[in-house]
Amino acid sequence: MSWASSLDLDKALIACHQDLLGDWFRDPWGWPELDWVVATRRDLIEERLESTDVRAISKIDVPKENFGIRPAMVMDPLDRLAYQALVGHLSVPLIGGMHRNAYGWRLPVKGMTAGLYSPNDKQWGNYRSYLSLLAGEFDVALKTDIVSCFASIPVERLIEEIEGKVTRASARPIVDHLVPRLKSWTKVSGRSGIPQRFQASAVLANLYLSQLDEVLEHHSSEVDYDSGKRHSFVRWMDDVWLFGEDAGNLRHAQVEINSALNDMGLHMNSGKTELLEGKQVALSAREVEHSAIEEELLFGKLLLKKKLVTKRLDELVERLVDAKETASRTSLKFATTRMRTYKHFVKVDSFMEVAMRMPQGADSLARLFRDAKRTGGMEDWYIDYLGKPWSKVEWAAAQLGTMFPSRGKVGRPIQEEFASILSRGGSSLPMTAVAAQRLAKWNRKEARVVIAEAVKRAENPLHRRVLALAGLEAGCSQTNVTKWLGEFPENAVTLELLRDRSFRKLPLKPDFAGS
Numbered sequence: 001m002s003w004a005s006s007l008d009l010d011k012a013l014i015a016c017h018q019d020l021l022g023d024w025f026r027d028p029w030g031w032p033e034l035d036w037v038v039a040t041r042r043d044l045i046e047e048r049l050e051s052t053d054v055r056a057i058s059k060i061d062v063p064k065e066n067f068g069i070r071p072a073m074v075m076d077p078l079d080r081l082a083y084q085a086l087v088g089h090l091s092v093p094l095i096g097g098m099h100r101n102a103y104g105w106r107l108p109v110k111g112m113t114a115g116l117y118s119p120n121d122k123q124w125g126n127y128r129s130y131l132s133l134l135a136g137e138f139d140v141a142l143k144t145d146i147v148s149c150f151a152s153i154p155v156e157r158l159i160e161e162i163e164g165k166v167t168r169a170s171a172r173p174i175v176d177h178l179v180p181r182l183k184s185w186t187k188v189s190g191r192s193g194i195p196q197r198f199q200a201s202a203v204l205a206n207l208y209l210s211q212l213d214e215v216l217e218h219h220s221s222e223v224d225y226d227s228g229k230r231h232s233f234v235r236w237m238d239d240v241w242l243f244g245e246d247a248g249n250l251r252h253a254q255v256e257i258n259s260a261l262n263d264m265g266l267h268m269n270s271g272k273t274e275l276l277e278g279k280q281v282a283l284s285a286r287e288v289e290h291s292a293i294e295e296e297l298l299f300g301k302l303l304l305k306k307k308l309v310t311k312r313l314d315e316l317v318e319r320l321v322d323a324k325e326t327a328s329r330t331s332l333k334f335a336t337t338r339m340r341t342y343k344h345f346v347k348v349d350s351f352m353e354v355a356m357r358m359p360q361g362a363d364s365l366a367r368l369f370r371d372a373k374r375t376g377g378m379e380d381w382y383i384d385y386l387g388k389p390w391s392k393v394e395w396a397a398a399q400l401g402t403m404f405p406s407r408g409k410v411g412r413p414i415q416e417e418f419a420s421i422l423s424r425g426g427s428s429l430p431m432t433a434v435a436a437q438r439l440a441k442w443n444r445k446e447a448r449v450v451i452a453e454a455v456k457r458a459e460n461p462l463h464r465r466v467l468a469l470a471g472l473e474a475g476c477s478q479t480n481v482t483k484w485l486g487e488f489p490e491n492a493v494t495l496e497l498l499r500d501r502s503f504r505k506l507p508l509k510p511d512f513a514g515s
């Protein structure tokens, strides 16, 4: 049995599915190759694991607050699964000793199993709970984060950390096949550090940031907790809180933390570094967790029965609308999710007025406009938006395009716009995916012609994949779909999946379809 066949692909698949929740690239079909290859053709992934090279990626630029950009990438499904499997196998030596006060993307504190991570929703709840406890115990807090954390991690130094942690000879082949992949991704132009939005990368980042945890513990105070002694800091990946009783001591700690980060090749985000005192400590902590809004909504639901209390939620929406491009992406997701959950659409029009200036929340806003049944009146708005400078962050334009449901009726101008996007070529993977998939649903005849032409200009295998699958949806021939996919080795697994299904159309993910 080869070393590759000893890797736990089932756990790697679970990690992949966790990544796909909220992934920056929303694949219309949810990457069905992942489940199929694990269930049916493990030989294909084992063959990929035996190689140390990586296949082509697609670069995407994801907007942050204030029109900052996250340089991200999309991997083909086999590389994604291989990356998760390699890191998952090594996860116990890599992060088994991770500090208890660091939350998210970690193994459980008790009962660790390689590659089986604690659910992040549970981690977020634990993080919020401990943050709230510390905010109630201490009068002073320092909060900060790291500039472009994943993109800034020095890969050569990360590799040193990996090799220092993994000492078993039996694990050496796994390290030897992980390291070249990490080095290869740094050679992609415009990309550095480790790929973002992958559980495997988060594990490696937590390994690297364990050096920061040591500094935070040194400057923290001991705290009595139900499970024993703890320390007065919390870390959620690169978001850090350190609590104390003296402002001077925390400012001293800030200098030491900044120095430690610089030694690691990282940089403290001075624009997001704050020293909080008195009531501001608890207020700021509650702002992070939005607990007051949750309590108010729950109060209205349980105690007032059908009467919904939304005062605090409405106030949050007003603050976000006023902030526009500087509004927190996390808070936008929180607010719009609660509005959809409780069908509270009173403030939707306020978001519509500033949506062009909120690229960081475009995916959340698209879902809100769709669920609030506003999209019928937004077709002209969307076409106007695509012609303005605000839409040049194409990830946001693609996300907003998903607000028009696959099964809904749209006017001819929207269809023509998506056809034009495909005909011009050169669009990002997210925009190519939404334009091709929606056109295939709305106008099959036109889609077949436009997609056949677009394929000729699609030189990236991942772009070719979405065009081929949309073409199948539109009724393109099996011969053409086979030819389009067969020209790239990265798409061999997709082609094998379709053959196994006798080229039946792949089901769409409901969230992407808008149903």
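Using UniProt numbering, read the sequence shown as starting at 1 and increasing by one per residue. Note that CB positions come from ideal geometry on N, CA and C, so glycine has one too. Remember, it's a predicted structure, so these values are computed and weren't measured experimentally.
Cβ-Cβ distance between residue i and residue j below 8 angstroms
| i | j | result |
| --- | --- | --- |
| Asn269 | Ile146 | yes |
| Asp10 | Glu490 | no |
| Phe150 | Ser201 | yes |
| Gly111 | Ser91 | no |
| His99 | Ser210 | yes |
| Val393 | Phe351 | no |
| Ala285 | Leu131 | yes |
| Pro93 | Lys187 | no |
| Ile383 | Leu422 | no |
| Arg230 | Tyr103 | no |
| Ala468 | Val481 | yes |
| Leu49 | Leu7 | yes |
| Ala253 | Leu212 | no |
| Val281 | Val140 | yes |
| Asp23 | Arg55 | no |
| Ser515 | Ser406 | yes |
| Ala474 | Ala454 | no |
| residue 583 | Leu497 | The question about residue 583 has no answer here: the residues shown for the chain are numbered 1 through 515. |
| Pro430 | Phe138 | no |
| Met356 | Tyr385 | yes |
N-terminal and C-terminal residue of the beta strand (DSSP E) that residue i is part of
| i | result |
| --- | --- |
| Gly244 | 239-244 |
| Gly225 | Per the sequence shown, the amino acid found at residue 225 is Tyr instead of Gly. From DSSP, the beta strand (DSSP E) with Tyr225 extends over 222-225. |
| Ser58 | 58-63 |
| Glu390 | Residue 390 is actually Trp in this sequence, not Glu. Neither: Trp390 is in no beta strand (DSSP E) and is coded neither H nor E. |
| Lys311 | It is not in any beta strand (DSSP E) - Lys311 instead sits in the alpha helix (DSSP H) that spans 311-323. |
| Arg229 | Residue 229 is actually Lys in this sequence, not Arg. Here the beta strand (DSSP E) through Lys229 covers 228-231. |
| Leu275 | 274-277 |
Cβ neighbours of residue i in the same chain (closer than 6 angstroms, five flanking residues each side left out)
| i | result |
| --- | --- |
| Ser2 | none |
| Ala433 | Pro28, Val466 |
| Ser152 | Gly193, Leu266 |
| Asn443 | Gln415 |
| Gly361 | Arg329, Leu332 |
| Thr375 | Phe369, Met403, Phe404 |
| Ser184 | Val54 |
| Pro180 | Thr52 |
Own chain partners of residue i with C-beta closer than 7 angstroms, once the 5 adjacent residues on each side are dropped
| i | result |
| --- | --- |
| His19 | Residue 19 is actually Asp in this sequence, not His. Contacts found: Arg197, Phe198, Gln199. |
| Ile57 | Met73, Val74, Met75, Val188 |
| Gly411 | Glu379 |
| Leu368 | Thr336, Met339, Arg340, Val348, Phe351 |
| Asn66 | Glu325, Thr326 |
| residue 516 | No answer is possible for residue 516: it lies beyond the span of the chain, which begins at 1 and ends at 515. |
| Ala366 | Gln399, Leu400, Thr402, Met403 |
Range of the contiguous alpha helix (DSSP H) that encloses residue i
| i | result |
| --- | --- |
| Arg329 | 329-341 |
| Ile421 | 412-424 |
| residue 531 | What is shown of the chain runs 1 to 515, which leaves residue 531 out entirely. |
| Val346 | From DSSP, Val346 is part of no alpha helix (DSSP H); its letter is neither H nor E. |
| Leu308 | Run containing Leu308: none; DSSP gives neither H nor E here. |
| Ser32 | Here residue 32 turns out to be Pro, not Ser, going by the sequence shown. First-last of the alpha helix (DSSP H) with Pro32: 32-40. |
| Trp395 | 394-401 |
| Gly248 | 247-263 |
| Gln196 | First-last for Gln196: undefined, no H or E at that position. |
| Leu368 | 362-371 |
Own chain, CB closer than 8 angstroms to residue i, minus 5 neighbours either side, in chain order
| i | result |
| --- | --- |
| residue 517 | Since the first residue of the chain shown is 1 and the last is 515, residue 517 is not available in this structure. |
| His344 | Leu308, Thr310, Leu313, Arg338 |
| Glu217 | His99, Asn101, His231, Phe233 |
Any non-hydrogen atom of the ligand SAM closer than 7 angstroms to residue i Cβ
| i | result |
| --- | --- |
| Ser201 | In terms of ligand content, the structure shown is empty, and the ligand SAM therefore cannot be addressed. |
request  = Could I get the ranges of all uninterrupted alpha helix (DSSP H) runs contained in the region 136-188, with 4 residues as the minimum, in chain order?
outcome  = 149-152, 155-165, 172-186
message = Suppose only complete runs of 4+ residues qualify. What are the alpha helix (DSSP H) ranges in the region 51-115, listed by chain order?
response = 77-95
message = So, does the region 261-280 touch the region 166-176, judging by three or more C-beta pairs under 8 angstroms?
response = Verdict: no, contact absent.
query = At what residue ranges does the region 432-512 contain a whole run of the alpha helix (DSSP H), taking only runs of 4 or more?
reply = If we require 4 residues or more, the alpha helix (DSSP H) runs fully inside the region 432-512 come out as 444-457, 461-474, 478-486, 492-500.
query = So, do the region 495-506 and the region 60-71 have three or more beta carbon pairs nearer to each other than 8 angstroms?
reply = no
ask   = At a cut of 8 angstroms, does the region 28-41 reach the region 286-298 through at least three beta carbon pairs?
value = no
inquiry  = Quick check: the region 436-445 against the region 81-88, are at least 3 beta-carbon pairs closer than 8 angstroms?
reply    = no
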